[in-house]
Ligand code: MIG
């Protein structure tokens, strides 16, 4: 398979002069803005080796005196997580803003010393530290080496640059690294760089994108570990890009400080990582609906597009307001037409949610309240000489809030009443690299400063945190003004841990087939980096898709965690093609409607998948390897994904294609969602996929909660919950329910109900048990939809016998009824929600 490597753009980044002008060019790899040249490690420096000179036991690990006046701290944060710090003389251990949980109870551990080795072991892992030369090895409890330093180079500093070399071999796969380009899931062989960059119209081989998450996982021999390099400076990951024997990571500056976490399940690594850096909140349900947006919709366009969705009965929850809603790009103001009461009334009456974009840059404009207040209070980022930094963005010369200061974040938060007063429900943070049109490499000079006195940091150090802190400030705005409403913040730039505050969209992608394809490895690796709430502009932002591309994109788009159609201003598009579902003719409109409706039907499942994400860090859009790490065939599948626990999506992502191969992971039986045909896992099948067909496969023995379609979330009460069930032996579902909007769940206002469907010889039993009942549910009945079953003989619960009816509609509306559809061999059974007896379904003969 052709593999466009990011190493190409590494060359470009180091040798070419990066474009610093506003990047409105046509898509062209050479024109994509990239930061200043990469720094490389000196081979001489990395060959110097450190030696352990003294050892002290700590309550949770050891402190080592090293040669070259350095010190190492190796602390156990849990039975399978350790923090490794190697520090220069006088430096202290450190946590960046990424870290949510700093206090970890020390696990029990043994410490022993031999001649040249120190051993720390917990119930789960053993850490062997070699004294001369100094090096660290992590082993599992059976004594398998999971990860070890590459001793030729080890770890240390090359001048200012902290680095770590690790041993690898060709069987090890790498995942995570936040937002990365490329068409492959497995990042082995890649040169990865992290420095948040406004990379308009990026390409698969563009090295620097918007978001930096210096976290990755290694997977070898079916065992996974994670490494989080907690350094906010520009960092680099050479993942066996030079040799199959080692990989290394380093940063331009800062401390050497990383966390090692052991799985062996990927799932456990991610759970640990998100314990450390925070989980996402339970999302507002409306934010899981479809969003529509365009740069340069007029106020009239917004109204007309919103109306058209309702007229055409295509579900939509949210309209976005891009930068034109502001008065000449002054943040926290409204231009007349966009602020008009009439427009907001109309949108509100049609039950739309509304999101406004927000940029960090504040127009340098005496008399404008933001400028005046920020200046009077000394809130701006500064030049090295202490004067305020001024750079050009949309409003012209602008000031940049210093979000590193808590006071500035509070101030910024407090300004959001201007938006909330118009009924704005979510805030979309753009340009937070920060992008500066006339700055070197499209951002601020690296010596601009943030913070004061002992908290002062250079832009070089703070850069990757700018969007993170702005997201925190925006999140605070919700706490301030909407204390019992779930926040929705969308951001272009993140650092590790930003999932605590915001969802991520992957910036200015392009209407090209490669981008549709790339979105899958990109999003799933972002998911493996602790950020479940992610999406790409459906149809592509820059350029315009044709009908076929849009149809294929909406098929994928309906299954993105964050699902938004958004596109570039007409000024830059060669074709003035609209990008609403009806802009491509009837066929594509029908296709769009079909899949958008499907998303709304799956809302209970999607919401529950997000609840899991908020609890365990589980990605919503998962690479196959996430659930199937025992099956090596999944390690580099980049064109299929799991949508939650049970549904596998195998979209067509190539032009002109109407069929494709699909790999079905081993260990499951898979059911074709459309035909009911069953397949054993562990094989590649071939399927037809005409334009309207999105191949979907469901794991056998799963229950998928669904509901009737709504035009927007909250349109109709969910009186009947339908369990789409594919039964072999036993399927279960633990269903979470709350209001999906407030924080009342924190006071116990939620339900958990455990459902079980079991095959017992000639009959099937259905049970539901309440585990938590704190929420006043609207559910009156459950429809158990059993796919691929014979006609039943009788159905009863205790003594009450269920009555057979003639249609799906009838069964959904009448409790204690059932309907058998012979054509597709589907049985529907309506069980009252308060049924506390087993429901027994008896069949005539043996299972077909
Ligand atoms: O310099 O606000 O990525 O989504 O429509 C371009 C206008 C600024 C970039 C965002 C895009 C948004 C656009 N913005």
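Numbering (mature numbering (1 follows the signal peptide of the UniProt record, and there is no 0)), first residue to last: -26 to -1, 1 to 822.
Just so you know, even glycine gets a beta-carbon here, dropped at the ideal spot from N, CA and C.
heavy atom of the ligand MIG below 7 Å from residue 312 C-beta: Against the chain shown, residue 312 aligns to sequence position 338. Because no heavy atom of the ligand MIG lies under 7 Å away, the Cβ of residue 312 does not count as near it: no.
Residue 826 in three-state terms, based on DSSP: Residue 826 is absent from the structure shown; the chain starts at -26 and stops at 822.
Simplified DSSP state of residue 269, which is helix, strand or coil: Looking up residue 269 in the chain shown gives position 295. Residue state, collapsed to three classes: coil.
Closer than 7 Å: residue 655 CB and nearest the ligand MIG heavy atom: Position 681 of the chain shown, counted from the first residue, corresponds to residue 655. False, no ligand heavy atom lies under 7 Å from that Cβ.
Closest Cα partner of residue 707 within the set 687, 701, 717, 676: Counting from 1 along the chain shown, the entry for residue 707 is found at position 733. That would be 676, whose Cα lies nearest to the Cα of residue 707.
Bridge-paired residues (DSSP) for residue 304: On the chain shown, position 330 is the one that residue 304 refers to. Answer is 301.
Heavy atom of the ligand MIG within 7 Å of residue 481 beta-carbon: Looking up residue 481 in the chain shown gives position 507. At least one heavy atom of the ligand MIG is nearer than 7 Å to the Cβ of residue 481, so yes.
Boundaries (first-last residue) of the beta strand (DSSP E) holding residue 140: Sequence index remark: in the chain shown, residue 140 carries index 166 (1-based). Here the beta strand (DSSP E) through residue 140 covers 135 to 141.
Pair within 8 Å by beta-carbon distance, residue 170 and residue 438: Position 196 of the chain shown holds residue 170. Position 464 of the chain shown holds residue 438. Yes, they are a contact pair.
Spatially closest choice to residue 380 from 681, 426, 400, by CA coordinates: Indexing the chain shown from 1 puts residue 380 at position 406. The residue with the shortest Cα to Cα distance from residue 380 is 426.
Spatial neighbours of residue 88 in its chain, beta-carbon cut-off 8 Å, leaving aside the 5 residues before and after: Against the chain shown, residue 88 aligns to sequence position 114. Closer than 8 Å at Cβ, skipping near neighbours: no residue.
Pick from 12, 386, 99 that is closest to residue 225, judged by C-alpha positions: By 1-based counting over the chain shown, the position of residue 225 is 251. It is 12.
For residue 132, the three-state DSSP class (helix, strand or coil): Numbered from 1 along the chain shown, position 158 holds the residue referred to as residue 132. Strand at residue 132.
Residue 540 CB to nearest heavy atom of the ligand MIG below 7 Å: What you label residue 540 is simply residue 566 of the chain shown in a count that begins at 1. Yes, Cβ of residue 540 sits closer than 7 Å to a heavy atom of the ligand MIG.
Rounded separation between residue 774 and residue 806 - CA only: One-based indexing of the chain shown puts residue 774 at position 800. One-based indexing of the chain shown puts residue 806 at position 832. Spanning the two alpha carbons is a distance of roughly 12 Å.
Boundaries (first-last residue) of the beta strand (DSSP E) holding residue 225: Residue 225 sits at position 251 when you count from the first residue of the chain shown. Counting along the chain, the beta strand (DSSP E) containing residue 225 begins and ends at 220 to 225.
Cβ pair residue 678, residue 612 closer than 8 Å: As a working mapping, residue 678 is identified with position 704 in the chain shown. As a working mapping, residue 612 is identified with position 638 in the chain shown. No.
Host alpha helix (DSSP H) of residue 714 (start-end): To locate residue 714, count along the chain shown from 1; it is residue 740. Neither: residue 714 is in no alpha helix (DSSP H) and is coded neither H nor E.
DSSP state of residue 634 mapped onto helix, strand, coil: Counted from its first residue, the chain shown places residue 634 at position 660. Note: residue 634 maps to strand in three-state DSSP.
Rounded C-alpha distance that separates residue 253 from residue 593: Locating residue 253 in the chain shown gives position 279, counting from the first residue. Locating residue 593 in the chain shown gives position 619, counting from the first residue. Using only the alpha carbons, I get a separation of about 11 Å.
Neighbourhood of residue 681 by C-beta, 7 Å cutoff - its chain only, sequence neighbours within 5 removed: Residue mapping note: residue 681 aligns to position 707 of the chain shown, counting from 1. Answer for residue 681: 575, 577, 578, 692, 695, 696, listed in chain order.
Burial state of residue 728 (16 or more Cβ within 10 Å): On the chain shown, position 754 is the one that residue 728 refers to. Exposed, by the Cβ-count rule.
Best match in 33, 503, 80, 263 for proximity to residue 569 [C-alpha to C-alpha]: The residue labelled residue 569 in the question sits at position 595 within the chain shown. Checked all of 33, 503, 80, 263; the closest Cα to residue 569 is 263.
Cβ-heavy atom distance, residue 89 to the ligand MIG, below 7 Å: Here residue 89 corresponds to residue number 115 of the chain shown, with the count starting at 1. Outside the cutoff, so no.
Which listed residue (84, 80, 44) has its alpha carbon closest to that of residue 66: Residue 66 sits at position 92 when you count from the first residue of the chain shown. Per the Cα distances, 44.
Status (buried if at least 16 other CB within 10 Å, exposed otherwise) for residue 402: Locating residue 402 in the chain shown gives position 428, where the first residue counts as 1. Burial call: buried.
Residue 743: first and last residue of the uninterrupted beta strand (DSSP E) it sits in: In the chain shown, the residue the question calls residue 743 occupies position 769. Where residue 743 is concerned, the enclosing beta strand (DSSP E) stretches over 737 to 747.
Own chain partners of residue 322 with C-beta closer than 7 Å, once the 5 adjacent residues on each side are dropped: Translated into positions along the chain shown, residue 322 becomes position 348. Once the five neighbours on either side are set aside, the close Cβ partners of residue 322 are 397.
Given 8 Å, three or more beta-carbon pairs between the stretch 157 to 173 and the stretch 5 to 25: yes
Neighbourhood of residue 98 by C-beta distance below 7 Å, restricted to the same chain and skipping five residues each side: Position 124 of the chain shown, counted from the first residue, corresponds to residue 98. Answer for residue 98: 53, 54, 115, 236, listed in chain order.
For residue 438, three-class secondary structure by DSSP: By 1-based counting over the chain shown, the position of residue 438 is 464. DSSP places residue 438 in helix when its eight states are reduced to three.
Any C-beta of chain C under 8 Å from that of residue 15: Included in the structure is just one protein chain, with no chain C present.
Spatial neighbours of residue 84 in its chain, beta-carbon cut-off 6 Å, leaving aside the 5 residues before and after: Mapped onto the chain shown, residue 84 falls at position 110. 95.
Span of the beta strand (DSSP E) around residue 767: As a working mapping, residue 767 is identified with position 793 in the chain shown. Looking at the DSSP string, the run of the beta strand (DSSP E) that includes residue 767 is 766 to 771.
Cβ-heavy atom distance, residue 269 to the ligand MIG, below 7 Å: Here the question's residue 269 lines up with position 295 in the chain shown. True, at least one ligand heavy atom lies under 7 Å from that Cβ.
Own chain residues within Cβ distance below 6 Å of residue 732, not counting five before or after: Start at 1 with the first residue of the chain shown, and residue 732 comes out as number 758. If we look at residue 732 and ignore the five residues flanking it on each side, its Cβ neighbours are 704, 739.
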